[in-house]
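As they're listed, the protein sequences go chains X and A. According to this note's numbering, the first sequence holds residues 1 to 236 in order. According to this note's numbering, the second sequence holds residues 1001 to 1236 in order. Glycine included, every Cβ here is placed at the ideal spot set by N, Cα and C. Computed from a predicted structure; not experimentally measured. Here's the structure we're looking at; comments come further down.
There are 2 protein chains.
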Amino acid sequence: MGPLTIIPISGIPEIRPGDPLGEQITTAAAAQDTPLANRDCIVVTQKIVSKVEGRLVPLDHEDLDARRALVEGESVRIIRRRGDLIISETSHGFVCANAGIDLSNVEAGYAALLPVDSDRSAHRIRATVRVAAGVDVAVVVSDTFGRAWRLGLTDVAIGVAGLAAVLDLRGTQDALGRELQVTEVAIADEVAGAADLVMGKSSGIPAVIVRGLEASFLAEGRARDLVRPPSEDLFR
Amino acid sequence: MGPLTIIPISGIPEIRPGDPLGEQITTAAAAQDTPLANRDCIVVTQKIVSKVEGRLVPLDHEDLDARRALVEGESVRIIRRRGDLIISETSHGFVCANAGIDLSNVEAGYAALLPVDSDRSAHRIRATVRVAAGVDVAVVVSDTFGRAWRLGLTDVAIGVAGLAAVLDLRGTQDALGRELQVTEVAIADEVAGAADLVMGKSSGIPAVIVRGLEASFLAEGRARDLVRPPSEDLFR
């Protein structure tokens, strides 16, 4: 397997609702001499996708009651509460803090909700890139989630196009020729986390190229594949 | 921020207890024309670290009672059981399936236990590389864990040397000049996951170079920093 290169795309302009995001990413990548290429995977933060899709809603950040009402409205099930923190399940099936509603890197007086359907968002960006750059890329929409048991947040995939979300290795063998015990790898989440390493939370890099992924990863996945069905989930 | 390059190291020989792992990694990296360099981060799988440290124990893989007894012996607390699956907390504080005991890529009739202290393992590899290659690298020992709520496994850090495990961004500002809401990023886990993308579970690449990490990441962290204290954990 060859090396993987993870390239931050800077110079993406401040995003407004309805902007042609795939086109802006294509232009910015070309302007920094790393034009998009076939088999690249583009990782785009949820925040700019939400902005493009008009998912900003007015919210006084200091008004904790309004905040709580907004989180509850975006939740289909509350999993845990502690103080102002709510861990809940969103309509997409994601379990995360505050229903994924975001206050950083959003104008004061507003909050960014998750895209309604991030897989569709990823497909839309992919289609725009196909037209603008003439290449076929995979797209991951990433967001920053906490985890049970482990401290610190990591970026995970909430939308996927042209990439397997979970890679099923059942039937393959380990290096010693025996059936693999580890069978399902959440590669879309690993791609999102890898991209985060060059995003820099404070520098505002909203898109990253992951170049060199194995060809077998470039299948048709969807973020839904990353949601553990509640019936099989021991922690919901 | 510049690009990040993730380079698989092939040609590492079959590992035996007591082998000078840092030296073998140094030699293999040089042999493929990607010699280790200052500020590289080397990600090494738990499996070869366990082999070097003699953490293989005899186990008949088909004997489910023996398997369960071994898992319970390596656990300090059982979190959940379902069928043959045990989710438990290890002496290190990690919550994972089967106490991290591994049967793939291990000779038949054996199981690989987690290293006793993977931070110390990482420090040892780092020190050996310093002597063998004359460069100062960071080291992550990685393992493959499942997650609550999300399907698929990802690689995470169970040992760290020369790298912040969790990067604390408190006090820094977002791109719009406001205090960041996301404050603690589990970069060691993101590094481990990124490395897994070139490891290929079946191809047996046991070590990877992550090159180009931001200098501020190269602080003195430890895997313990990634363990959420049970008292603050809503899911334990």
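Query                                                                                                                                                           : Result
In its own chain, which residues sit with a C-beta less than 6 Å from the C-beta of A:L1021, not counting the 5 before and 5 after it?                          : V1052 and I1125
Taking A:L1226 as the query, report the chain X residues whose CB atoms sit under 8 Å from its CB, ordered along the chain.                                     : R150, L151 and G152
From A:I1048 to X:E232, what distance separates their C-alpha atoms?                                                                                            : 32 Å
Mind checking who X:L218 pairs with in its DSSP beta bridge?                                                                                                    : X:L218 is not bridged to any residue.
Assuming contact is defined by CB atoms lying nearer than 8 Å, are A:L1244 and A:I1101 in contact in what I supplied?                                           : Since the first and last residues shown for chain A are 1001 and 1236, residue 1244 of chain A lies out of range.
Does the CB of A:T1128 have a neighbour CB from chain X at under 8 Å?                                                                                           : no
Nearest to X:V116 by CA position, among X:S50, X:V139, X:W149 and X:R170, is which residue?                                                                     : X:S50
Return the chain-ordered ranges of every beta strand (DSSP E) run that is complete within the region 1036 to 1081 of chain A and spans a minimum of 3 residues. : 1041 to 1045 and 1056 to 1058
My output table needs one value for A:V1230: the three-state DSSP class, helix, strand or coil.                                                                 : For clarity, residue 1230 of chain A is Pro in the given sequence; the question names Val instead. Residue state, collapsed to three classes: helix.
Any beta-carbon of chain X closer than 8 Å to the one on A:L1021?                                                                                               : no
For chain C, is any of its Cβ atoms less than 8 Å away from the one on A:P1003?                                                                                 : In the structure shown, chain C does not exist; the protein chains are X and A.
Return the residue from the list X:V208, X:P230, X:G221 and X:F217 that minimises the CA-CA distance to X:I12.                                                  : X:V208
State the start and end residues of the unbroken alpha helix (DSSP H) segment that holds A:E1023.                                                               : L1021 to A1031
Identify whether A:S1142 lies in helix, strand or coil by the three-state DSSP scheme.                                                                          : strand
Would you kindly check if the distance between the Cβ of X:L226 and the Cβ of X:A157 is under 8 Å?                                                              : yes
Which first and last residues belong to the alpha helix (DSSP H) in which X:G193 is found?                                                                      : I187 to D196
Could you tell me the alpha carbon to alpha carbon distance between X:Q46 and X:G18, rounded to whole angstroms?                                                : 15 Å
In the DSSP assignment, find the beta strand (DSSP E) that holds X:V210 and state where it starts and stops.                                                    : A207 to R211
Against chain X, does A:D1196 count as a neighbour if the rule is that its beta carbon must be under 8 Å from one of theirs?                                    : yes
Taking X:V185 as the reference, which of X:A164, X:A195 and X:V129 has the closest Cα?                                                                          : X:A164
In terms of DSSP beta bridges, what is X:G152 paired with?                                                                                                      : Answer by DSSP bridge pairing: none, since X:G152 is not bridged.
Going along chain A in order, which residues have a C-beta closer than 9 Å to the C-beta of X:G83?                                                              : Result: empty, since nearest Cβ-Cβ is about 11 Å, beyond 9 Å.
Counting only C-beta atoms, is X:R147 closer than 8 Å to chain A at any point?                                                                                  : yes
Using the beta-carbon of each residue, which ones in chain A are nearer than 7 Å to X:R80?                                                                      : L1234
Quick check on the DSSP output: the beta strand (DSSP E) that includes X:A112 runs from which residue to which?                                                 : Y110 to A112
Could you tell me which of X:G159, X:L197, X:R224 and X:I42 sits nearest to A:C1041, measuring between CA atoms?                                                : X:L197
Quick check: is the beta carbon of X:V71 nearer than 8 Å to any beta carbon in chain A?                                                                         : no
Return no unless some Cβ of chain A is closer than 8 Å to the Cβ of X:E184.                                                                                     : yes
Between which residues of its own chain and X:V95 is the CB-CB distance below 8 Å, once the five residues before and five after are set aside?                  : I79, I87, S88, E89 and R236
Below 8 Å on C-beta distance, what does A:V1131 contact in chain X?                                                                                             : Going along chain X, no residue has its Cβ under 8 Å from A:V1131, so there is no contact; the nearest lies around 26 Å.
Look up A:V1095 in the DSSP assignment and give the residues it is bridged to.                                                                                  : A:E1089
Applying the 10 Å Cβ sphere with the 16-neighbour rule, what's the burial state of X:D155?                                                                      : buried
Once you ignore the five residues that flank A:R1122 on each side, which residues in its own chain have a CB closer than 6 Å to its CB?                         : Note that residue 1122 of chain A is Ala in the sequence shown, not Arg. Cβ within range, chain order: V1139, V1141, G1159, V1160 and A1161.
Since X:I6 is in the beta strand (DSSP E), which residue starts that stretch and which ends it?                                                                 : L4 to I9
According to DSSP, simplified to helix, strand and coil, what is X:I12?                                                                                         : coil
Cα-Cα, which of A:R1039, A:A1029 and A:D1143 is closest to A:S1104?                                                                                             : A:D1143
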